[in-house]
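Visitor:
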Amino acid sequence: MHKFFYGNRILFLVTLLLILPVLLTLYMMHIIKNSELSILEHQKAKLNQAAYLLDQNLAGSLDNYLAEQGLAGRTREEKIVAIGNYVNEKINHVKREYPEVHIGLYYEPLHVFYDGTARFDENFSLRRKKAFEETMSQRKSLVQNLGPEEGGVIEIYRPFTRNGKVEGVIRSAEYLSEVGYYGKRRHIEMIAYSAIAAVVLTGFGGAIYIFRDLVMQVRFIRQGLKTLEEDLSRTMPEAHGELGEIVEGINGFARRIAELNLYTETMLAVIDEAIVVVNAGGEVVLANNLARELFALPEGFKGRMMGELFSGNSPLLSYLERTLKEEKAFRDLMLNWSNGDKSPRQLLLSILPLKTASGELLGAVINCRDLTERMQLEEKVRRQERLAALGKLVTGVAHEIRNPLTSISCYIQHWMQNKQPSTQALATIQREITRLDYIVEQLLYFAKPAEARLFQRDLNVLIRELTEFFQEMYQGKYNLLLDLEADLPPVWMDAEQMERAVVNIIFNAIQAMPEGGTISISTAYLPGRQRVALTIADTGCGIPKENLAHLFTPFYSTRPKGTGLGLAIAYEIVQAHGGQIEVESEVGRGTKFTIYLRT
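As structure tokens, this is what we get:
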């Protein structure tokens with residue numbers, strides 16, 4: 001009942017204030033119309049005469065005038081000034097005969113309107129431009145009567161035609177207030193307006209109370225919204241009527257938003273990464289506690305530009321600018337960050353654009369993970385691993401060199417006692433010196449391998465040459481089986497280094513079969529991986545599973561006379577070629593090495 005009464009009061013007053021003044025206005029216009037028509041016809045005739053006079057004064061074509069004055073090749077600005085000086089003189093002559101008439105010429109080739117002044121720019125409105133275009137296209141005069149109020153004006157648009165071509169439009173106009181038109185209407189209007197004012201005041205008096213009550217309640221809601229803007233936990237007091245329902249709805253929204261904000265803040269607080277959210281203009285919207293601490297954000301950072309909070313040469317700002325302008329995402333960028341007097345930090349930076357479901361850019365999310373402690377720990381672990389590897393390397397070198405030195409030392413002591421070396425002793429010393437030289441050569445190669453010079457080579461040719469070498473060397477002791485794929489694509493390799501790697505693997509297979517056996521070598525192209533696979537398999541004793549993980553470690557060997565460098569060097573060579581090497585082995589059945597090389 002209350003809602004119905006309140007709504008009908010508003011409807012009644014709107015009807016009273018709008019419909020009655022409209023009806024009275026229509027009656028007033030009917031009375032004024034008869035007196036207006038005769039004056040307008042007189043004004044149109046005068047405007048037509050003024051336009052005709054200017055047309056006659058501009059006797060020739062303006063296009064020809066430019067040609068005669070030698071201005072055809074000049075700039076547009078120079079042409080505008082030259083034509084303006086000529087046309088304005090004619091316009092001012094007409095104005096002296098018709099001082100109350102506003103007259104001018106629109107010259108279409110230069111797209112300019114001359115009105116007797118020195119303004120030679122585009123000094124006409126879009127409405128006039130449309131009138132010019134309509135007059136030129138229809139090639140006949142156009143009359144416009146604009147506005148019944150004090151600013152009313154009558155306009156005549158006359159085509160300016162020369163040699164059958166419409167070069168422009170002559171506009172003549174007169175403001176009705178300047179010819180006393182409105183003085184004749186004022187008495188009638190006063191009567192009509194008095195009646196309208198009486199009706200409006202009557203309705204206004206009855207509406208003051210309702211509108212005052214409405215304004216007070218709206219002010220109440222506006223003040224409550226300001227309170228919610230500062231603190232969503234505070235709700236607006238209840239109100240009555242329709243506005244009470246609005247207040248209830250606003251309080252519900254405020255509670256929901258407060259819950260969502262709580263969830264968001266709690267989620268951001270437990271994330272162990274620094275997160276900053278900015279809007280499309282680069283203003284900070286929110287940042288979690290880790291971001292405030294990492295970037296030393298001041299109080300009141302929300303709403304401030306990122307450029308104010310970070311130094312101008314920070315790479316973070318350049319990445320953010322590209323994200324906001326190009327909507328480009330940056331992921332996992334390493335960033336050295338120094339904040340004031342704090343020690344530099346190593347950050348893993350990602351910047352992602354924030355978009356709506358329709359693709360509209362909302363802003364960007366800056367995500368930073370502090371990797372400083374992790375990288376320091378990894379560096380410490382790597383240093384310890386390097387020290388351990390160095391210790392193992394020194395131990396291996398000492399062990400491998402000590403054995404030949406012991407043999408040589410024993411024979412020297414024997415000579416010192418017998419005063420004469422034997423032939424067998426000299427041969428042993430020579431063998432041990434050769435072994436020492438081989439160990440040093442392998443060690444030097446492993447410590448500083450030669451740079452790989454990669455060219456596309458035929459791997460099958462290399463395998464056939466090596467097979468012939470081993471068959472000749474061992475004279476049938478080992479059965480070498482080849483299964484080489486025809487039309488094998490060339491691979492990128494340094495032939496000399498790859499030969500060394502393959503020889504080391506074959507020698508390893510031979511050492512695993514002291515009584516002889518079979519060595520199978522095959523090649524195959526893998527289209528899916530764009531790699532060539534080289535497989536070398538033997539039927540030797542095999543390698544225990546627990547030893548496979550150390551197979552490519554320098555100086556690791558399960559054989560008494562092995563140096564432990566052959567397979568390590570083979571592994572380094574394959575890695576330098578951008579390839580991979582895999583090994584499979586079963587004790588008592590043999591070992592298979594597979595090398596993958598790029599095509």
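FYI, the numbering for the sequence shown is 1 to 599, going by UniProt numbering.
Ideal Cβ positions, reconstructed from N, Cα and C, are used throughout, including at glycine.
Please say whether tryptophan 492 and histidine 577 have beta carbons closer to each other than 9 Å?
Guide: Yes, these two residues count as a Cβ contact at 9 Å.
Visitor: Does threonine 117 pass the burial test, meaning 16 or more other C-beta atoms within 10 Å, or should it be called exposed?
Guide: Exposed, by the Cβ-count rule.
Visitor: In terms of residue numbering, what span does the alpha helix (DSSP H) encompassing valine 587 cover?
Guide: From DSSP, valine 587 is part of no alpha helix (DSSP H); its letter is neither H nor E.
Visitor: What's the gap between the Cα of isoleucine 458 and the Cα of alanine 501?
Guide: Residue identity differs from the one stated: residue 458 is aspartate in this sequence, not isoleucine. Taking the straight line from one Cα to the other gives about 16 Å.
Visitor: Pick helix, strand or coil for valine 365, following the three-state DSSP scheme.
Guide: Residue state, collapsed to three classes: strand.
Visitor: Does histidine 102 come out as helix, strand or coil in the three-state DSSP assignment?
Guide: Note: histidine 102 maps to strand in three-state DSSP.
Visitor: Go ahead and pull the three-state DSSP assignment for asparagine 279.
Guide: Here asparagine 279 sits in strand by DSSP.
Visitor: In angstroms with no decimal places, state the Cα-to-Cα distance between leucine 347 and alanine 274.
Guide: About 10 Å.
Visitor: At which residues does the alpha helix (DSSP H) containing isoleucine 83 begin and terminate?
Guide: Element bounds for isoleucine 83: 76-97.
Visitor: Looking only at its chain, what residues have a beta carbon closer than 8 Å to the beta carbon of lysine 338, apart from the 5 residues adjacent to it on each side?
Guide: Correcting the residue identity first, residue 338 is serine in this sequence and not lysine. Closer than 8 Å at Cβ, skipping near neighbours: Pro344 and Arg345.
Visitor: Helix, strand or coil: which one does DSSP assign to alanine 452?
Guide: Three-state result, alanine 452: coil.
Visitor: Give the range of the beta strand (DSSP E) segment to which phenylalanine 330 is assigned.
Guide: That run of the beta strand (DSSP E) goes 330-337.
Visitor: I'd like the list of long-range same chain contacts for isoleucine 463, defined as Cβ closer than 8 Å, with 5 residues on each side in sequence excluded.
Guide: Leu482, Leu484, Val502, Ile521, Thr523 and Leu534.
Visitor: Measuring alpha carbon to alpha carbon, tell me which residue in Val87, Ala45, Thr75 and Ala51 is nearest tyrosine 65.
Guide: Closest by alpha carbon: Val87.
Visitor: Does the count of Cβ pairs from the segment 349-365 and the segment 274-287 closer than 8 Å reach three?
Guide: The segment 349-365 is in contact with the segment 274-287.
Visitor: Mapping DSSP to helix, strand and coil, what is threonine 553?
Guide: Note: threonine 553 maps to coil in three-state DSSP.
Visitor: Looking at C-alpha atoms only, which residue of Asp272, Gln223, Val276 and Met513 is the closest neighbour of isoleucine 250?
Guide: Among Asp272, Gln223, Val276 and Met513, the Cα nearest to that of isoleucine 250 is on Gln223.
Visitor: Please name the residue in Ile103, Ser350, Phe124 and Ile19 whose C-alpha comes closest to that of histidine 111.
Guide: Comparing Cα positions, the closest option is Phe124.
Visitor: Nearest by alpha-carbon distance to tyrosine 596: which of Gly579, Glu586 and Val583 is it?
Guide: The shortest Cα separation from tyrosine 596 among Gly579, Glu586 and Val583 belongs to Gly579.
Visitor: For asparagine 145, report the span of its beta strand (DSSP E) as first-last.
Guide: Note, asparagine 145: beta strand (DSSP E), 142-146.
Visitor: So what's aspartate 115 in DSSP terms, helix, strand or just coil?
Guide: Residue state, collapsed to three classes: coil.
Visitor: For residue 601 and tyrosine 106, I'd like the C-alpha separation in whole angstroms.
Guide: No answer is possible for residue 601: it lies beyond the span of the chain, which begins at 1 and ends at 599.
Visitor: Reducing DSSP to helix, strand and coil, say where arginine 304 ends up.
Guide: Of the three classes helix, strand and coil, the one that applies to arginine 304 here is coil, per DSSP.
Visitor: To which residues of the same chain is asparagine 57 closer than 7 Å at the C-beta, ignoring the five residues directly before and after it?
Guide: Hits under 7 Å: Lys90, His93 and Val94.
Visitor: Grouping DSSP H, G and I as helix and E and B as strand, with all else coil, what is arginine 219?
Guide: The answer is helix: DSSP assigns arginine 219 an H, G or I state.
Visitor: Measuring alpha carbon to alpha carbon, tell me which residue in Asn313, Phe113 and Ile536 is nearest leucine 480.
Guide: Comparing Cα-Cα distances from leucine 480 to each of Asn313, Phe113 and Ile536, the minimum goes to Ile536.
Visitor: For glutamate 582, count the other beta carbons within 10 Å of its own beta carbon; 16 or more makes it buried, fewer makes it exposed. Which is it?
Guide: Flag for glutamate 582 reads exposed.
Visitor: Starting from the Cα of glutamate 586, find the closest Cα among Tyr571, Ile83, Lys545 and Thr599 and give me that residue.
Guide: The option with the nearest alpha carbon to glutamate 586 is Lys545.
Visitor: The alpha helix (DSSP H) with residue 609 in it runs from where to where?
Guide: The question about residue 609 has no answer here: the residues shown for the chain are numbered 1 through 599.
Visitor: Alpha carbon to alpha carbon, what distance is there between glutamate 378 and leucine 387?
Guide: Caution applies to leucine 387, whose pLDDT of 47 falls short of 50 and renders its modelled position unreliable; the model cannot decide the point.
Visitor: If you drop the 5 nearest sequence neighbours on each side, which residues of the same chain put their C-beta closer than 8 Å to that of proline 490?
Guide: Same-chain partners within the cutoff: Gln456, Arg457, Asp458, Leu459 and Thr599.
Visitor: Alpha helix (DSSP H) containing glycine 566: first to last residue?
Guide: Element bounds for glycine 566: 566-576.
Visitor: Reducing DSSP to helix, strand and coil, say where glycine 579 ends up.
Guide: It is coil, neither helix nor strand.
Visitor: Measuring only the C-alpha atoms, how far is threonine 335 from phenylalanine 295?
Guide: Looking at the sequence provided, one finds leucine at residue 335 rather than threonine. Each residue's alpha carbon lies about 13 Å from the other.
Visitor: So, with DSSP's three-state summary, where would you put phenylalanine 310?
Guide: DSSP places phenylalanine 310 in coil when its eight states are reduced to three.
Visitor: Can you tell me which residues form a DSSP beta bridge with serine 350?
Guide: Asn367.
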